[in-house]
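*Asks:*
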Amino acid sequence: MLPFRGTANDECTTPDLMHSDNMEKGVELLEQLAQVHVQQIRPWCSGRKYVVTSPEDEVLFSLSDTYTLTCLFGGGRRPFHVLGTDVLNTPAFALHRPYHLVSDKMKVLIDGDVECVVRKEQTIRPIFSINDAGNTPMLRVKGNFTAGAFKLQSLDKHTIGSITNTARLLACSEEYKIYFPRDLDVRYKVAVIATCVFIDYRYH
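Numbering (this note's numbering), first residue to last: 1194 to 1397.
1. Excluding five sequence neighbours on each side, which residues of the same chain lie with their C-beta closer than 6 Å to the C-beta of Arg1312?
2. Can you grab the Cα-Cα spacing for the pair Gln1346 / Ala1285, in whole Å?
3. Can you say whether Ala1342 is buried or exposed, counting buried as having 16 or more other CB atoms within 10 angstroms of its CB?
4. Could you pull the DSSP bridge partners for Val1307 from this structure?
5. Taking Cβ positions, are Ala1377 and Phe1254 nearer each other than 7 Å?
6. List the residues that DSSP assigns as beta-bridge partners of Thr1283.
7. Which of the three DSSP states is assigned to Ala1243 in this structure?
8. With distances taken from CA atoms, which of Asp1279, Asp1306, Pro1374 is nearest Leu1332?
9. By a C-beta neighbour count over all protein chains shown, 10 Å radius and 16 as the cutoff for buried, is Ser1296 buried or exposed?
10. Please list the terminal residues of the continuous beta strand (DSSP E) segment that includes Thr1357.
11. Ends of the alpha helix (DSSP H) at Ala1387?
12. Considering Ala1342, what are the terminal residues of the beta strand (DSSP E) in which it resides?
13. Can the beta-carbon of Lys1335 be found closer than 7 Å to that of Ile1353?
14. I need the boundaries of the beta strand (DSSP E) containing Asn1324, first residue and last residue.
15. Ignore the nearest five residues each way along the sequence and tell me which others in Asp1393's own chain have a CB closer than 7 Å to its CB.
16. Under a three-way DSSP split, which group does Glu1368 fall into?
17. Identify whether Arg1375 lies in helix, strand or coil by the three-state DSSP scheme.
18. Does the distance from the CB of Ala1384 to the CB of Cys1309 come in under 7 Å?
19. Please report the distance separating the alpha-carbon of Ile1386 from that of Ile1317.
20. Going by other Cβ atoms of all chains shown within 10 Å of its Cβ, with 16 needed for buried, is Glu1204 buried or exposed?
21. Could you work out which residue in Ile1371, Thr1246, Pro1248, Val1252 is closest to Asn1358 when comparing CA atoms only?
22. Over the uninterrupted beta strand (DSSP E) stretch that includes Asp1258, give me the two end residues.
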């Protein structure tokens, strides 16, 4: 199944909408967006927090790591459980990364169900595979050696979007700009946002 709304014969720019009964309202806010920003607002030991906004700076989600002492464990390997809530403080999605020694992966849950799995590929370069719930690869995120700029790619390695880190030096925090196809399935838009958090924990 393609990670875009519509059928396999539709173009990537199809305007058709497909709503799923088990999707939270907060997640559906992403359906018409092709760009979001992720800003880290609390980077230290009290647990990382992020705000996801639209290009117009409208707040879409607040993300909070419920593992408050993760900064003390494992450096870039540290586990996290990040809860994403909408502006009404309603849970929209969750991101879970266990502590690992070999296979580094993160589950993306919507409405309590695993919808995507993001895996760090076994390479020196920062490359991630975005898989469906059955662990079948659907998209990939390929970064440069500084882990500051990433390409969002289809499986045939065509670039369809990007994640760019614009470090906020005076604020001692990170900020990311994400571009993805407007008609990308909303689950994979959440997974791309989740990959941004994954990158932040692993490299920053």
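Ideal Cβ placement from N, Cα and C applies to all residues, glycine included.
*Replies:* Looking at the coordinates:
1. What you label residue 1312 is simply residue 119 of the sequence shown in a count that begins at 1. Around Arg1312: Lys1298, Ser1322.
2. Looking up residue 1346 in the sequence shown gives position 153. Looking up residue 1285 in the sequence shown gives position 92. Cα to Cα, the separation comes out at about 25 Å.
3. Counting from one through the sequence shown, the residue named residue 1342 turns up at place 149. With a threshold of 16 other beta carbon atoms within 10 Å, Ala1342 falls short and is exposed.
4. Against the sequence shown, residue 1307 aligns to sequence position 114. BP columns for Val1307 point to Leu1302.
5. Position 184 of the sequence shown, counted from the start, is the residue given in the question as residue 1377. Position 61 of the sequence shown, counted from the start, is the residue given in the question as residue 1254. One point to set straight first is that residue 1377 is Leu, not Ala, in the sequence displayed. No, these two residues do not count as a Cβ contact at 7 Å.
6. Here residue 1283 refers to the residue found at position 90 of the sequence shown. None, per the DSSP bridge assignment.
7. Translated into positions along the sequence shown, residue 1243 becomes position 50. At residue 1243 the sequence reads Tyr, which differs from the Ala that was named. If DSSP states are grouped into helix, strand and coil, Tyr1243 belongs with the strands.
8. Locating residue 1332 in the sequence shown gives position 139, where the first residue counts as 1. If we check each option's Cα against that of Leu1332, Pro1374 comes out closest.
9. For this step, residue 1296 is matched to residue 103 along the sequence shown. When all chains shown are included, Ser1296 counts as exposed.
10. In the sequence shown, residue 1357 corresponds to position 164, counting from 1. 1352-1358 is the extent of the beta strand (DSSP E) around Thr1357.
11. Taking the first residue of the sequence shown as position 1, residue 1387 is located at position 194. Taken as a continuous stretch (DSSP letters only), the alpha helix (DSSP H) holding Ala1387 covers 1379-1396.
12. As a position in the sequence shown, residue 1342 is number 149, starting the count at 1. That run of the beta strand (DSSP E) goes 1342-1347.
13. Position 142 of the sequence shown, counting from 1, holds the residue named residue 1335. Position 160 of the sequence shown, counting from 1, holds the residue named residue 1353. Not in contact: Lys1335 and Ile1353 (Cβ atoms no closer than 7 Å).
14. Numbered from its first residue, the sequence shown carries residue 1324 at position 131. It spans 1320-1325 - the beta strand (DSSP E) in which Asn1324 sits, taken as one unbroken run.
15. On the sequence shown, residue 1393 is found 200 positions in, with the first residue counted as 1. If we look at Asp1393 and ignore the five residues flanking it on each side, its Cβ neighbours are Gln1233, Glu1367.
16. For the purposes of this step, residue 1368 is taken as residue 175 along the sequence shown, with counting starting at 1. If DSSP states are grouped into helix, strand and coil, Glu1368 belongs with the strands.
17. Counting from 1 along the sequence shown, the entry for residue 1375 is found at position 182. Coil at Arg1375, not helix or strand.
18. Here residue 1384 corresponds to residue number 191 of the sequence shown, with the count starting at 1. Here residue 1309 corresponds to residue number 116 of the sequence shown, with the count starting at 1. Yes, Cβ-Cβ distance for Ala1384 and Cys1309 is below 7 Å.
19. Here residue 1386 refers to the residue found at position 193 when the sequence shown is read from its first residue. Here residue 1317 refers to the residue found at position 124 when the sequence shown is read from its first residue. Taking the straight line from one Cα to the other gives about 22 Å.
20. Translated into positions along the sequence shown, residue 1204 becomes position 11. Bear in mind that the predicted position of Glu1204 carries a pLDDT of just 40, short of 50, making it unreliable; the figure below should be weighed with that in mind. It counts as exposed.
21. In the sequence shown, residue 1358 corresponds to position 165, counting from 1. Answer by Cα proximity: Ile1371.
22. Mapped onto the sequence shown, residue 1258 falls at position 65. Per DSSP, Asp1258 belongs to the beta strand (DSSP E) from 1252-1258.
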